[in-house]
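Numbering (our numbering), first residue to last: 1042 to 1475.
All residues carry an ideal CB built from backbone N, CA and C; glycine is no exception.
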Amino acid sequence: MKKSNLMVVLIMFVFVTFMFAQSFQETGKLEWVVKDREFSRSFMEAYIDTLVEIDDMAELEVQETDELRVIVGIDVEGNASLENIYAKGRSGVLNKLAWAVLDSMDADMIEGIKSRKYSWDYLSAVDVGGGRGDVINVFEERSNKQVRDAFWWTHRRVDISVFPRIFIRVNPNFAFATEFGRQDLGFPAAASRTLNLGLATEVLKFYATLPASYMNLTKSSNSPLEGSFGGVLKFDAPNFGGSISFQDMNFLGNTDTSSFLNPSNSVYNPASGQFYYSFTSRIGSPKDQPGFVPLGSLRLQIGFTYMQYAYGQVYHSDSTITDGTGSFHELDRSGPLESMFGLFRAEYASDMNNRFFNKFKMAGQLNIGLDGFGGFDFTTSYTITEWLGVNLNMTYFWSPMLFNYVNPDPNLTTTHEYEWEPGFYIVPSIALYF
């Protein structure tokens, strides 16, 4: 393994160790929002009644219909202790419930809210305290959490899109994840013969990559980005994110590769790095107002990608027959300018309905290279019920990338050119939620 690849592996190992420590630790805080309207109302009624009993002249800043947000501390023995409860009204303001009142309430009511034996959903730390929340203010700004989670991982415990991606949330902030392709680099599902297996949290994803093919409805697209063994680290914060990755064809050795790559003309991604800035805003119209787009959140990402491409063939050292039964021989690699791309991505998710799912989701991504090579990727999703949805992905690359190489036959010294044209891809899928 090359030293550069070894350094990437070490960096990823440090990050994934940190991620495991964060995901499995028994101490810390749990934060969630109460989705059970009846339970929330009964709790707020008890709170208001207790407040009036303590001080019948007290000014009421909360109402029975307010949404409850709970913060619980977990000690080393796994015992839960209530730290704070916030009530969010229709105006979006978060009001902290008074401890003097909570201490005077029925102990069973307090234990009930800590038990989470009701409908609830995980709440990111940035949405609690300080009055920030996911308030829609006069500038129509929004929290990025809802639209980010719709694409980054899932709002559900189990999310199976047959089969571009599978997410299984072990707990509110940790999931096992499987994804086909390199969506972040503009090569989703069938456009990249890569299978990603690994772990995901609210902020980090760590994947090991394997070569694997995925179906494509268009027969003319026969030159996808090849996949190999390697690793990917992604991060996504409220306002910025990115990824680093590597793959190495040498890991394949002399295995028969004819079943999962094109042995005579293989293009893969040895290394990549990406960084983007993002912001989220309100878009669309409520149901009771005219408009084509339902009320939702639009997240825009602007950044750059450094993605290197390597071209080669698979043959034995003593032969130039490219039948896939030898080892990979690299013949050419993209230069620094050919590897630089501008990134623009837009993600839209309609607001959650009363059953807590996004009915519509759409995303478009544009990758433009400095030498003219690039592609456009579009994904749309429609959730039929809370457990079933349909997805469609379309990807198009508008110009070929040119590779120059010398004939591998030692008896020949001719120079050749290979135009890599990834083409056009259409991938439908069905999504199941649990």
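Taking 9 Å as the cut-off, the beta carbon of Gln1315 is found closer than this to the beta carbon of Ser1284.
Looking at the backbone, the Cα of Gln1354 and that of Gly1365 are separated by about 8 Å.
Residue environment analysis places Leu1258 among the exposed positions, since fewer than 16 neighbouring C-beta atoms fall within 10 angstroms of its C-beta. Taking every protein chain shown into account, the CB of Arg1131 has fewer than 16 other CB atoms within 10 angstroms, so this residue is exposed. Under the three-state reduction of DSSP, Asp1096 is assigned to coil, being neither helix nor strand.
Residue environment: Thr1455 is assigned as exposed (fewer than 16 neighbouring CB atoms within 10 Å of its CB, all protein chains considered). Where Leu1238 is concerned, the enclosing beta strand (DSSP E) starts and stops at 1235-1241. In this structure, Phe1444 lies near Tyr1459, with their beta-carbon atoms less than 9 Å apart. Secondary structure at Glu1079: helix, using DSSP grouped into helix, strand and coil. DSSP places Ala1121 inside the beta strand (DSSP E), whose first and last residues are 1121-1129. Residue burial is scored here from C-beta neighbours: Tyr1318 has fewer than 16 other C-beta atoms within 10 angstroms and is therefore classed as exposed. Look at Gly1365 here: in three-state DSSP terms it is coil, with no helix or strand label.
Within the model, the alpha-carbon separation for Arg1197 versus Tyr1309 is close to 33 Å. For the set Phe1281, Leu1302, Gly1282, the Cα lying nearest the Cα of Met1290 is the one of Leu1302. The C-alpha of Ser1286 is placed about 21 Å away from the C-alpha of Asn1280. Fewer than three Cβ pairs drawn from the stretch 1185-1192 and the stretch 1371-1381 lie within less than 8 Å of each other, which leaves the two stretches out of contact.
Asp1297 carries a coil assignment under DSSP once its states are collapsed to helix, strand and coil. Nearest to Pro1335 by C-alpha distance, out of Asn1399, Phe1345, Glu1072, is Asn1399.
Between Val1103 and Leu1071, the C-beta gap is not smaller than 9 Å, which leaves the two residues out of contact. Scanning the stretch 1306-1364 from its first residue to its last, the whole beta strand (DSSP E) runs of 3-plus residues come out as 1307-1309, 1312-1324, 1337-1348, 1351-1356. Taking the Cα positions, Pro1327 is about 56 Å away from Phe1369. Annotation: Gly1410 to Ser1375 spans about 12 Å, alpha carbon to alpha carbon. The C-alpha of Arg1340 lies about 23 Å from the C-alpha of Val1468.
Around the CB of Met1085, 16 or more other CB atoms lie within 10 Å, so the residue is classed as buried.
Out of Trp1193, Asn1214, Phe1221, the CA that lies nearest to the CA of Val1203 is found in Phe1221.
With a 10 Å radius around the Cβ and a threshold of 16 neighbouring Cβ atoms, Asp1097 comes out exposed. The distance from the Cβ of Arg1110 to that of Val1074 is about 5 Å, consistent with a contact at the 8 Å cut-off.
Rounded to whole angstroms, the Cβ separation of Asn1434 and Thr1420 is 5 Å, and the two are in contact under 8 Å.
Residue pairing by DSSP places Tyr1459 opposite Phe1444 in a beta bridge. For Trp1194, the three-state secondary structure derived from DSSP is coil. Between the stretch 1208-1227 and the stretch 1241-1251 there are three or more inter-stretch CB-CB distances shorter than 8 Å, so the stretches are counted as touching. Within 10 angstroms of the beta-carbon of Leu1384 lie 16 or more other beta-carbons, which makes it buried. Distance from the CA atom of Leu1138 to the CA atom of Asp1392, rounded to whole angstroms, is 27 Å. For Glu1152, there is no enclosing beta strand (DSSP E); the enclosing alpha helix (DSSP H) covers residues 1148-1156. Spatial neighbours of Pro1265 in its own chain (CB-CB distance under 7 Å, excluding positions within 5 residues in sequence) are listed in chain order as Ala1231, Ala1232, Ser1233, Arg1234, Pro1463. When the five nearest sequence neighbours on each side are left out, the beta carbons in the same chain lying within less than 6 Å of the beta carbon of Ser1254 are those of Arg1234, Phe1301, in order along the chain.
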